[in-house]
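S.K.: Here it is, the structure in full.
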Amino acid sequence: MDDIVVEHSEGVLRVELNRPEKMNAMTSSMYTKLADIFNDAAKDERIRVALWHGAGDAFSAGNDVKDFLQNPPGSRESPQARLMNALVDFDKPLIAAVHGVAIGGGTTMLLHCDFVYAAEKTRFQMPFINLAVVPEFGSSCLVPLAIGHIRAADLILLGSPFDAGRAHELGLVTEVVPSDSLLQVATETAKHLAAKPAGALQASKRLLKRPFLEQIRAAMKAENEAFSVQLRSVDAKEALTAFLEKRPADFTKTRKPVAAT
23 MDDIVVEHSE GVLRVELNRP EKMNAMTSSM YTKLADIFND AAKDERIRVA
73 LWHGAGDAFS AGNDVKDFLQ NPPGSRESPQ ARLMNALVDF DKPLIAAVHG
123 VAIGGGTTML LHCDFVYAAE KTRFQMPFIN LAVVPEFGSS CLVPLAIGHI
173 RAADLILLGS PFDAGRAHEL GLVTEVVPSD SLLQVATETA KHLAAKPAGA
223 LQASKRLLKR PFLEQIRAAM KAENEAFSVQ LRSVDAKEAL TAFLEKRPAD
273 FTKTRKPVAA T
């Protein structure tokens, strides 16, 4: 079974994360595949819009921890970094239909979408610090840029879950819709956009992103470097081991925080 399913129809590229038994948790190979999909779609004139969603009961639970430990990202060209760059460079409208849970990267990847439709019971979370790492996908820049420092600190430093209503209130979600009509609503928007003049649509998206591109790229670079350092810390080892063993992490016996150089 393919862990990513792609379908192209009427100018719309539909991309489905397809690991429902793992809540669409992301592996290194999935990051690489997605990067290739979006890079290829950016060059394909037949594709005008991309629609992104998850199979089963979740959008994405973030990183697959077992795969993550076997293939830890470095500070440079990791599979995760390849997808980050592909999303930043993607100048066609990107729509997400989100349901179930969107955790960690499952939330921060959405910051690169132009439209995010969320089912009513969707739960979001950015628990990076709980796992002794740092935010990624440019979220240390994009979240405060979107909602301000105080509210960004609430979401990122506490790492608490928040629902679709709160996400909409903060401006992180375009619209909250009933679960049974989620994909229909997102598809209607995709088709509506696909009918517009492609050149003007893409130029307008580039103009919308232009003032912030340097900030976003700089944030991603800094995040990747800090992530690589923190991932190799004693705290991260304890946090990820505790996650796999399904027990609370104990940070009282670990060393002082590791500072990036």
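Going by our numbering, the final residue of the sequence shown carries number 283, and the count climbs one at a time with no gaps. Glycine included, every Cβ here is placed at the ideal spot set by N, Cα and C. Everything numeric in this text was worked out from a predicted model, so none of it was measured.
Going residue by residue through the segment 89 to 169, where are the continuous alpha helix (DSSP H) segments of at least 4 residues, counting only ones entirely within it?
M.R.: 101 to 111, 127 to 130 and 161 to 169
S.K.: Just how far apart, CA to CA, sit A225 and S31?
M.R.: Looking at the two C-alpha atoms, the distance is approximately 23 Å.
S.K.: From the DSSP output, in three-state form, read off L73 for me.
M.R.: strand
S.K.: Is R269 helix, strand or coil when you go by DSSP?
M.R.: coil
S.K.: On the premise that V138 lies in contact with A118, defined as a C-beta separation below 8 Å, what is that separation, rounded to the nearest angstrom?
M.R.: With 8 Å as the limit, A118 and V138 qualify as a contact, their Cβ atoms being about 5 Å apart.
S.K.: If you run the structure through DSSP and keep just helix, strand and coil, what is D202?
M.R.: In the structure shown, D202 sits in a helix (DSSP, three-state: H, G or I).
S.K.: Rounded to whole angstroms, what's the CA-CA distance from P95 to A248? Just pull it up for me.
M.R.: 11 Å
S.K.: Taking R70 as the reference, which of L91, R36 and M52 has the closest Cα?
M.R.: R36
S.K.: Between which two residues does the beta strand (DSSP E) harbouring V28 extend?
M.R.: I26 to S31
S.K.: Can you find at least 3 beta carbon pairs, one from the segment 183 to 193 and one from the segment 133 to 150, that sit closer than 8 Å?
M.R.: These segments touch.
S.K.: Give me, in chain order, the residues of the same chain whose beta-carbon lies closer than 6 Å to that of K227; leave out the 5 immediate sequence neighbours on both sides.
M.R.: D113
S.K.: With a threshold of 7 Å on Cβ separation, who are the neighbours of T129 within its own chain once the five nearest residues in sequence on each side are excluded?
M.R.: F146, Q147 and M148, listed in sequence order.
S.K.: Please report the Cβ distance between V198 and E142, rounded to the nearest whole angstrom; I am assuming they are in contact, meaning their Cβ atoms lie under 8 Å.
M.R.: 6 Å
S.K.: Would you mind stating whether N246 and Q102 have Cβ atoms separated by less than 9 Å?
M.R.: yes
S.K.: Any idea if F273 is buried or exposed, counting beta-carbon neighbours within 10 angstroms, 16 or more meaning buried?
M.R.: Exposed, because fewer than 16 other Cβ atoms sit within 10 Å of the Cβ of F273.
S.K.: Reducing DSSP to helix, strand and coil, say where E67 ends up.
M.R.: coil
S.K.: Ignore the nearest five residues each way along the sequence and tell me which others in D24's own chain have a CB closer than 7 Å to its CB.
M.R.: N40
S.K.: With a threshold of 16 other CB atoms inside 10 Å of the CB of Q252, please say whether the residue is buried or exposed.
M.R.: buried
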